[in-house]
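Residue 23 in this note's numbering sits at position 13 of the sequence shown, and the numbers go up by one each step.
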Amino acid sequence: MTERDFRQLCAKTPVGTPLLFSNRDIQVRGTFLGCDKDTILIEVNGYVSFWPREVCDLRSTDYPVPSYS
């Protein structure tokens with residue numbers, strides 16, 4: 011994910027937005043909590059999960075939930 015995409019995601023995504031993150035064969039569904047430096051923070055099953063910007067590619071869809079990988 012580019013720095014610009016990251017800043018846009020952090021600025022325009024409301025806290026509590028459902029997100030889907032995938033990395034290789036792992037898929038994580040959670041809710042957006044916010045951003046910290048170069049990291050996206052999501053809540054997954056009561057735990058905070060950290061996703062570094064460098065490992066994310068932005069793919070956005072409105073149906074059924076926004077999706078980022």
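Glycine included, each C-beta is placed from N, C-alpha and C at the ideal position.
Sorted by chain position, which residues of the same chain lie with C-beta nearer than 6 Å to residue i's C-beta, five sequence neighbours on each side aside?
i: I50; result: W61
Taking the alpha helix (DSSP H) that residue i falls in, what are its first and last residues?
i: D48; result: Run containing D48: none; DSSP gives neither H nor E here.
i: R14; result: E13 to K22
Beta strand (DSSP E) containing residue i: first to last residue?
i: N33; result: P28 to N33
i: V58; result: Y57 to P62
Buried or exposed: where does residue i fall if 16 or more other Cβ atoms within 10 Å of its Cβ makes it buried?
i: R63; result: buried
i: G26; result: exposed
i: I36; result: exposed
Of the residues the options, which one's Cα is nearest the Cα of residue i?
i: N55; options: P28, K22, R17 and C20; result: P28
i: R39; options: E13, S59 and L30; result: L30
i: L19; options: D46, S32, I36 and Q37; result: D46
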